[in-house]
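Residue numbers (the working numbering): 1 to 544. Please read the structure below before turning to the comments.
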């Protein structure tokens, strides 16, 4: 029998209702064997190793990030041009850019460093924060008329490129692709909206989602970000998952010093529904301790702050046209029908309330046709504009939700002024309504769209403050306990992993977040200031 390691902490917040708090936790073979006081491991005999490295820390279950993307690690290979300050996987600080001039200056600086044949790729751009003319090909041509330049927006649903990049894929006056924005002369402005317009160029430049994610460096950077944030289980929620991708992920995550459990979710694209379902089942045969396959993601609409989300009347306050479908409603119904028939869990991206309605309708139709013999637990991801009626329908259908709480701080002011106005912004990411409807609730960062940081996500759901200090929908606030649950057991339930992770309970995996303060004992407005000291993953300590 292998040795038992007994970890001591200042306090342990277990998220287990039967034993909410402790000071010690015993671990053997990566699993929890005892939780309690200093004597909790005594029944395991004399072969107990006492580990006091965490004695001054507070332990919680390792946070579960139920909506993130593996590219959160790999995207840092490219130039950050976002509005907000960010920290990269190597703990380097990148100051945000608050004007278009600062953006083009950073692009010029990077242009001067690159080999002539290499495209210039930047990411994180947020035009909703910048005044003046919207970024277009002319601005980027001034950086370089010859080198292809692509600037990915922070939402990853839009991008802006220069003339050289447009030429790579033949976008011009005759182009009729939806999402290729044109000027008064019918020539592309350089702005590309949503996947049909973006993907051809992203592939040519080598910055499609697969190339951003599926590299050894990306996987390791993803792991470093997780340790910094106290996360031990994280999704890659729209993955290509080719055979080569699978082999790479197996090779990297099988190392004992890899600190993260990854749940890669196959993107429902590139094949017939039956082919996608078959691929998911094949992937599930390769499940391991660190890799969990078996679900599929449907990317339905776009981004609210990019005006590409599908919203119901009265639409966008500025009179912009309704958003774009990445998957048309009829195809959403077809995919839901096949996935439900085959018993495959679905994660359905839906930002706008029209998109949420279409997704709920499609799930309801699929369930009527193929009643679930088991707990299907299909997930609405983001669900930012869902109302109480939609939440109730989800609960009645056995669905769950994962809401994008970070949006309240990052984009709340812009939603009030520019996208959906006061009333709808006040009920965005309506966590209280979701819980009151009886739903399992998770909350998320959607990293790299916003930074990975569950304690900040909890702060957003508890305080609902915008960047200017405005409170959006005070009645939708969560308690601290509810927010922590949504980031542990709640998120684990959306991944069907609550029997393994999400609480510090005997028999579960020994995954812990190591914190400098107790989130139950600080003021709610101070949640985001709690230091994260590292993680414990399968009983192995990883400190920042």
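Virtual Cβ for every residue (Gly too), placed ideally from N, Cα, C. Just so it is clear, the structure is predicted and the values come from calculations on it, not from any experiment.
From the listed residues 121, 451, 384 and 192, the smallest Cα separation to residue 310 is found for 384.
For residue 64, the three-state secondary structure derived from DSSP is strand.
The way I'd put it, the region 356-364 doesn't touch the region 402-413; fewer than three beta-carbon pairs between them come closer than 8 Å. Nearest C-alpha to residue 153 among 363, 84 and 111: 84.
If you compare the alpha carbons of 468, 519 and 495 with that of residue 462, the shortest gap goes to 519.
The way I'd put it, the region 210-223 doesn't touch the region 414-433; fewer than three beta-carbon pairs between them come closer than 8 Å. Every unbroken stretch of the alpha helix (DSSP H) spanning 4 or more residues and falling wholly within the region 120-161 is given here in chain order: 137-143.
The bridge partners DSSP lists for residue 233 are 64 and 261. Between the alpha carbons of residue 388 and residue 434 lies a distance of about 7 Å. If you draw a straight line from the Cα of residue 409 to the Cα of residue 464, it comes to about 7 Å.
Only residues of its own chain outside the window of five on either side were considered, and among them 164 have a CB closer than 7 Å to the CB of residue 146, listed in chain order.
Across the set 300, 226, 466 and 7, the C-alpha of 226 shows the shortest separation from the C-alpha of residue 454. If only uninterrupted alpha helix (DSSP H) runs of at least 4 residues are considered, those enclosed by the region 374-409 are 388-396.
For the pair of segments examined, the region 437-445 was found not to touch the region 324-340: the number of CB pairs separated by less than 8 Å stays below three. The C-beta distance from residue 495 to residue 308 rounds to 27 Å, too long to fall under 8 Å, and the pair is not in contact. Inter-residue distance for residue 466 and residue 351 is about 19 Å (C-alpha atoms, whole angstroms).
Inside the region 71-124, DSSP marks whole alpha helix (DSSP H) runs of 4 or more residues at positions 71-74 and 100-111, from first to last along the chain.
Our two residues, residue 73 and residue 45, have alpha carbons roughly 43 Å apart in a direct line. With distances taken between CA atoms, residue 457 lies nearest to 480 out of 180, 8 and 480. Positions of the beta strand (DSSP E) runs, each at least 3 residues long and wholly inside the region 180-213, are given as 180-182 and 188-193 in order along the chain. Residue 23 and residue 363 have their C-alpha atoms roughly 44 Å apart. The C-alpha of residue 513 is placed about 31 Å away from the C-alpha of residue 303. The region 306-375 contains, as complete alpha helix (DSSP H) runs of 4+ residues, the segments 329-341 and 353-369 (chain order). Beta-bridge analysis with DSSP links residue 462 to no other residue. By alpha-carbon distance to residue 149, the top candidate from 127, 126, 156 and 118 is 118.
Between residue 236 and residue 69, the C-beta spacing is below 8 Å.
Shown here, residue 526 sits in a helix according to DSSP, grouped into three states.
Residue 50 sits in a strand when the DSSP states are folded into three classes. For residue 247, the enclosing alpha helix (DSSP H) covers residues 243-253. Per the Cβ contact rule, the region 94-101 is in contact with the region 126-134 (3 or more Cβ pairs under 8 Å). Within the DSSP bridge table, the entry for residue 515 names 58 and 532 as partners.
Boundaries for residue 493: no beta strand (DSSP E) harbours it, while the alpha helix (DSSP H) harbouring it runs 489-494, taken from the DSSP string. The Cβ-Cβ distance between residue 156 and residue 374 does not fall below 8 Å. Nearest Cα to residue 331 within the set 278, 316 and 274: 274.
In this structure, residue 171 sits near residue 180, with a CB-CB distance shorter than 8 Å.
The three-state secondary structure of residue 5, taken from DSSP, is strand.
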